[in-house]
Structures are given as C-alpha cells and as structure tokens.
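Below: one structure, written as structure tokens.
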Amino acid sequence: MADKEIRTLDDILNDDALDELLKPLQKPKKTTPIDPDIQIFKDIEEWVKKHGRRPEQSRTNLKERSMFSKLKGLQKKVAKLQPYDSMGLLVAEEPTVLEQIQEEIKNDTNTKTFTSLDDILNDDSVLFSGIDGDDALTNKIFDTAKVTRKQTNNPESVAKRRKVKDFDKYSHLFKKVQSELASGHRKLVPFKNYEILLHHFYVLRGQLLYVESMDEEITQNFDYATYKNRRIHIIYENGTESNVLYRGLAASLYGRSGKMVTELEEDFQFSSEDITTGYIYVVKSLSKNPEIANIKSLFKIGVTSGSVKKRLANAENESTYLYAPVQLVEQFQVVNLKPESLEKAIHHALVDYQLEVEITGPNGKIITPKEWFVVELDKVEEIINTIVSKLQQEQ
501 MADKEIRTLD
511 DILNDDALDE
521 LLKPLQKPKK
531 TTPIDPDIQI
541 FKDIEEWVKK
551 HGRRPEQSRT
561 NLKERSMFSK
571 LKGLQKKVAK
581 LQPYDSMGLL
591 VAEEPTVLEQ
601 IQEEIKNDTN
611 TKTFTSLDDI
621 LNDDSVLFSG
631 IDGDDALTNK
641 IFDTAKVTRK
651 QTNNPESVAK
661 RRKVKDFDKY
671 SHLFKKVQSE
681 LASGHRKLVP
691 FKNYEILLHH
701 FYVLRGQLLY
711 VESMDEEITQ
721 NFDYATYKNR
731 RIHIIYENGT
741 ESNVLYRGLA
751 ASLYGRSGKM
761 VTELEEDFQF
771 SSEDITTGYI
781 YVVKSLSKNP
791 EIANIKSLFK
801 IGVTSGSVKK
811 RLANAENEST
821 YLYAPVQLVE
831 QFQVVNLKPE
841 SLEKAIHHAL
851 VDYQLEVEIT
861 GPNGKIITPK
871 EWFVVELDKV
881 EEIINTIVSK
891 LQQEQ
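Next up, the structure:
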C-alpha cells in the first residue's frame, strides 16, 4: 500500500477545495411583504392609465366591474394609500347630472302619488327645481347641491374658494364660451396627459373654469417621489376663484368628470359622428288680437325634430300659436341632444317670464298659453346657450 502524502498545515489551509468547503453559508435575502392593498391600487392605476378613465360598474366586463368594486373599497383607506395616489383616484367621483336626475326621479316617484305614466312624465318639478330665469341661471341650473358628496382629501378643493371682486371682466368670457359650445364652434374633449394650459377653459364636475395665471414652478419632495408643482389661479363660472395646486387640479380633472374646452374653430363643420336631433326655434306672433299685439318682446320658444318651416306652416290653425301666423326670429340646430328634454329645461328657466293671459279661440274655447314668454331676445339667447352647453358638459 503506497504511503500517504504527508501535508503540512499550510498545504491544507491553502487547498482550494477547503476554501469551497469553508465558504460561509449565504443567508436567504429577506423579502419585504407587499401590502395587498398597495398592489391592488397600483394595478388599478395601471388600468386607468391604459384606458384613460376610471373603472365603471360594467354589466358585461367582469374585470372592470371587479376593479370598480376594489377601488370603492380602497377609497376608505385614504390614510394608508394617499402617498401612492398620483392620479387622485382615492377621491370619490361626484355624481353626474344624469345620475343625480335618475336618483331624484327614484326618490320623487317614491314620495308622490301618480295615477298614470303620463303623470310621472309630466311631473318635472324635481328634475328642474332651482332653474331660474334671472342672472343666477348659470349657477343654479342643474344644481346638484341636494346630493350628498364625499370630498374628503380632494386635492382640488383644499384651496378655499372666494368671491371674485371684479367678476364682470370674466363673466362675458364664460357667456361667450357657452355660446360657442352651444353652436359647435368649440367642443369638449376628455382631459388627458395631466396638461393644464394657461388661459384655457376646462370643465370640472359640470362647472366651467378658466386658468387665469400660473405661479413659478416648485419642487415637492415626498418619501416616495419628487414632483414638480405650482399654484394656479382659477376663475369659476359661478363668480368664485381659488389658487389650487397644478397636480391637484389635474388629478381632479383626470377621468370622466374632467373635460377641456377646445380652441375656437372658425371654419367649423359638424363631424360624421354628430347627429342633428332637431331645432329650437323662437317666433313672434303676428296676431291682430289687441291682447297679444300690444305686448312687446313676446316670444314663443319651441322645438321640432323636423323642418321648422313645415312646423310653422299651419300656425293660424293651432292653439299653441294662438291661432295666428307667426314670424320666425331665430332657430338653433340641436346636435346630439334630445330636443324634448331641452325644450322642457328652457321653459323651466323662463318660467318667471311666462305669459299669463286667457284667450278665446275661434271655436269659443278658452286657451291659456304655456309656451309664450315676455322676455328680451338676448335673455332668451343667453338661457338657450347656457342650457345647451351645460347638457354638452355632461355627455
């Protein structure tokens, strides 16, 4: 048997094999558990970035419906998730005008007694309560103050609003934009890319606002990120103003509730997607009846889904035209809106100007006109433009 090779201690210590054997065991890296709420919230943010809107309670898309339910739950955990909310998703969206009307119809039909479907359709006191024909029309129309809203931690509402001292210099701008929206020379487009432009108009929760000025950009450092931000001076159509943070307003505008008003389109043409649903017309009576002929600034405002000329052709034989011919004063094209609802809203806005008179018709029957108003023409135009633009803002 061959003699074993005798190795010195140095030989053993310098042996490469020994180095491998004596290598210290590597401790497994500790993994920080991911909070499931944070992970779910990040998934929802990615979904919103991809689709450009918040998830809705879809009846057909189960994944979107699940996202909607999860977001509703996470909105109750603002304290934990606020540092991760760069898009304002933790702020619960306010109900739209349509949602409010649907809820009020539901409540109203539960508290009132109706004997027929016509009674329900004809009772519109709830739908249009608070709509006045005075200068407060812009502020009150489709007022949703009755609806309980959750605005806690709303980044846009942190800055307190105050009354504008010189609102007269801005009010004509809002009226002009409303008129241009109603005529189609401006459009409402979804707010995207978190970009707010100086001297531009936006719509937030159905209210028009104007970016009057911007402060110098500042840097905000947080534990989780660093952001560029600035204060911007906002004028609202209701005569108030506030200095809000750029990112806060952008977060509030982002989603279905926020829209941007496009620049004026001088060579405007309706697109192929626009649908003409009817016309609003304003007429004055040519009646020789002294009770009618002696009234100045007397106008009827109506709508038709067809030709205005054809609708007025038989005026002298219809009670709605006071059994007399009429003269067309103005007509407005109705696009993508239901004419009947629009007419009802306009009549409610003009209720304080409604003609109160009883007239005997050719057949001896007493008629009480409901669609004739004693009002200046410019007031009629202002009300129509305001209502049309408000309805468009909710589309």
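501 is the number of the first residue of the sequence shown in our numbering; add one for each residue after it. Just so you know, even glycine gets a beta-carbon here, dropped at the ideal spot from N, CA and C.
The alpha-carbon of S819 is positioned some 20 Å away from that of V851. Exclusion of the five residues before and after L753 leaves F691, Y702 and L704 as the residues of its chain whose Cβ lies within less than 7 Å of its Cβ.
When the alpha-carbon of I846 is set against those of V744, V880, T719 and V874, the nearest one is in V880.
Secondary structure remark: continuous alpha helix (DSSP H) runs of at least 4 residues inside the stretch 531 to 587, in chain order: 536 to 551, 562 to 574 and 578 to 581.
In the three-state scheme derived from DSSP, where H, G and I count as helix and E and B as strand, G861 is classed as coil. Residue environment: T886 is assigned as buried (16 or more neighbouring CB atoms within 10 Å of its CB, all protein chains considered). Burial check for L698: the Cβ neighbour count within 10 Å stays below 16, so the residue is exposed. In this model, V829 and V578 are separated by some 56 Å (Cα to Cα).
Y736 is classed as buried because its beta carbon has at least 16 other beta carbons within 10 Å across all chains shown. DSSP lists H733 as the bridge partner or partners of N743. Within the stretch 798 to 832, the alpha helix (DSSP H) runs of at least 4 residues that lie entirely inside it are, in chain order, 808 to 812. Going by DSSP, V677 is part of the alpha helix (DSSP H) stretching over D668 to S683. Two segments are said to touch when three or more pairs of C-beta atoms, one from each, lie closer than 8 Å; by this definition the stretch 864 to 878 does not touch the stretch 806 to 814. As the crow flies, the alpha-carbon of V857 is around 56 Å from that of H551.
DSSP, reduced to helix, strand and coil, places L590 outside both helices and strands of the structure shown, so it counts as coil.
Excluding five sequence positions before and after T762, the CB atoms of its chain that fall closer than 7 Å to its own CB belong to R686, K687 and V689, given in chain order. If you draw a straight line from the Cα of E545 to the Cα of L590, it comes to about 11 Å. Assigned with DSSP and collapsed to three states, Y694 falls in coil, not helix or strand.
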